[in-house]
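This report refers to the structure that appears directly beneath it.
Protein chains: 2
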Amino acid sequence: MTKKNITAHCAVDYAFKRIGGKYKGRILWVIRDGFMRYGELKRAIVGISPKMLTQTLRELEADELVSRKVYLEVPPRVEYSLTSTGEELIPFIKQLRSWGEKKMSQN
Amino acid sequence: MTKKNITAHCAVDYAFKRIGGKYKGRILWVIRDGFMRYGELKRAIVGISPKMLTQTLRELEADELVSRKVYLEVPPRVEYSLTSTGEELIPFIKQLRSWGEKKMSQN
DNA sequence: CACTTTATTGCAAGTACTTGATACAAAGAT
DNA sequence: ATCTTTGTATCAAGTACTTGCAATAAAGTG
């Protein structure tokens, strides 16, 4: 799978296109600590449908933010982890998350 | 106009819902330096349709990230600026932008 | 008076994003 | 043999997001 070709008007646009999407931020955040199996992710990302989770993981993989390791076992076992590029985004998500926490508590 | 009521699963989700959207990041980034008239924004955010710009600005306003000042002149004159909450987001966008610049140049 | 200017608005139309339901493989347990 | 488990695919359907086009106000200019 090749890297998604993103057409952007500026770096801000580019970055938002790469991590934007309904669940991408949450998925990256949940995977941050290490390897996560598909099923663990499904439980962690409350509200996501299996369909959407698979699809979003594929996009993140094509976009080289997440890597996917398949174990040839039955029942299947697939582990996801961040690539180094994905890891670079964690500080940003962390900050954004703090901001979110602060703002949520201000309601 | 009241603040948009965001239902989020976690702080990451919340934050992304608040600044996610095709043009929100770029708009906030462009406004960062001070007051911007509608027309200036339209020229700065290449590719956005007037309709979309207005709509997104309304969302940002309802969400208290941007404030809108109308001058009672003809032809009309409307200036947009960041609220203090909007300003808090600039450092993150800046960081994200640096990441984007770096990644774009790596192609 | 007709024309230009600025910041919108309304509506129809098109495209993109998400979900839901159903189905599958193939080893291990019952 | 049947059931369970895990990760995913397929296809139809629904919802949300974006765009395009036309139209408005009301003062200033020629």
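Those sequence lines, one after another, are chains A and B. 81 is the number that numbering that gives the first Met the number 0 gives to position 82 of the first sequence; each next residue is one higher, with no gaps. 58 is the number that numbering that gives the first Met the number 0 gives to position 59 of the second sequence; each next residue is one higher, with no gaps. Glycine included, C-beta positions come from ideal geometry on N, C-alpha and C.
| query | Excluding the five sequence neighbours on either side, which residues of its own chain have a C-beta within less than 6 Å of the C-beta of residue 59 of chain A, listed in chain order? | reply | Taking the first sequence and counting its residues from 1, the one referred to as residue 59 of chain A is at position 60. These residues qualify, in order along the chain: 65.
| field | Cβ of residue 92 of chain B within 8 Å of any chain A Cβ | value | If you number the second sequence from 1, residue 92 of chain B lands on position 93. It does: the Cβ of residue 92 of chain B has a partner Cβ on chain A nearer than 8 Å.
| Does DSSP put residue 22 of chain A in a helix, in a strand, or in coil? | For the purposes of this step, residue 22 of chain A is taken as residue 23 along the first sequence, with counting starting at 1. Judged by DSSP in its simplified three-state form, residue 22 of chain A adopts coil rather than helix or strand.
| task | Taking residue 87 of chain B as the reference, give the member of B:51, B:39, B:17 with the closest Cα. | result | Locating residue 87 of chain B in the second sequence gives position 88, counting from the first residue. Residue B:17 is the option with its Cα nearest to residue 87 of chain B.
| query | Helix, strand or coil: how does DSSP classify residue 31 of chain B here? | reply | The residue you call residue 31 of chain B lines up with position 32 of the second sequence. Residue 31 of chain B carries a coil assignment under DSSP once its states are collapsed to helix, strand and coil.
| query | List, in order along the chain, the chain B residues whose C-beta lies closer than 9 Å to that of residue 65 of chain A? | reply | The count along the first sequence starts at 1 and reaches residue 65 of chain A at position 66. In chain order: nothing, as chain B lies at least about 15 Å away.
| What do you get for residue 50 of chain A, buried or exposed, if any count of 16 or more other CB atoms within 10 angstroms of its CB means buried? | Counted from its first residue, the first sequence places residue 50 of chain A at position 51. It counts as exposed.
| Selection of the segment 76–88 of chain A by Cβ proximity to chain B, strictly under 9 Å | Here the close residues are 84, 87, 88.
| residue 85 of chain A burial status per 10 Å Cβ neighbour count (16 or more: buried) | For the purposes of this step, residue 85 of chain A is taken as the residue at position 86 of the first sequence. Buried, because 16 or more other Cβ atoms sit within 10 Å of the Cβ of residue 85 of chain A.
| request: May I ask you to list, following chain order, the residues of the segment 29–40 of chain B that have a beta carbon less than 8 Å from some beta carbon of chain A? | output: Considering only beta carbons, no part of the segment 29–40 of chain B lies closer than 8 Å to chain A.
| field | Beta-carbon proximity list for residue 27 of chain B, same chain, < 8 Å, skipping 5 on both sides | value | Residue numbering aside, residue 27 of chain B sits at position 28 when the second sequence is read from its first letter. The beta carbon of residue 27 of chain B sits closer than 8 Å to those of 18, 59, 64, 65, 81, 85, 88, 89, 92, all from its chain and outside the five residues before and after it, given in chain order.
| message | Just to confirm my understanding: we take residue 47 of chain A, look at its own chain, exclude 5 residues before and 5 after, and list those with CB closer than 6 Å. What are they? | response | Locating residue 47 of chain A in the first sequence gives position 48, where the first residue counts as 1. Within the same chain, residue 47 of chain A has close Cβ partners 22.
| Which of the three DSSP states, helix, strand or coil, is assigned to residue 71 of chain A? | Position 72 of the first sequence, counted from the start, is the residue given in the question as residue 71 of chain A. In this structure, residue 71 of chain A counts as coil in the three-state DSSP scheme.
| said: Rounded to the nearest angstrom, what separates residue 0 of chain A and residue 53 of chain A at their Cα positions? | reply: As a working mapping, residue 0 of chain A is identified with position 1 in the first sequence. As a working mapping, residue 53 of chain A is identified with position 54 in the first sequence. For residue 0 of chain A, the predicted model reports a pLDDT of 35, less than 50, meaning its position is unreliable and no value from the coordinates is stated.
| said: Going by DSSP, what residue range makes up the beta strand (DSSP E) through residue 87 of chain A? | reply: Mapped onto the first sequence, residue 87 of chain A falls at position 88. Unbroken run through residue 87 of chain A is the alpha helix (DSSP H), 83–104; no beta strand (DSSP E).
| Does the beta carbon of residue 42 of chain B sit closer than 8 Å to a beta carbon anywhere in chain A? | Position 43 of the second sequence, counting from 1, holds the residue named residue 42 of chain B. So, not an interface residue.
| Which first and last residues belong to the alpha helix (DSSP H) in which residue 53 of chain B is found? | Mapped onto the second sequence, residue 53 of chain B falls at position 54. That run of the alpha helix (DSSP H) goes 49–61.
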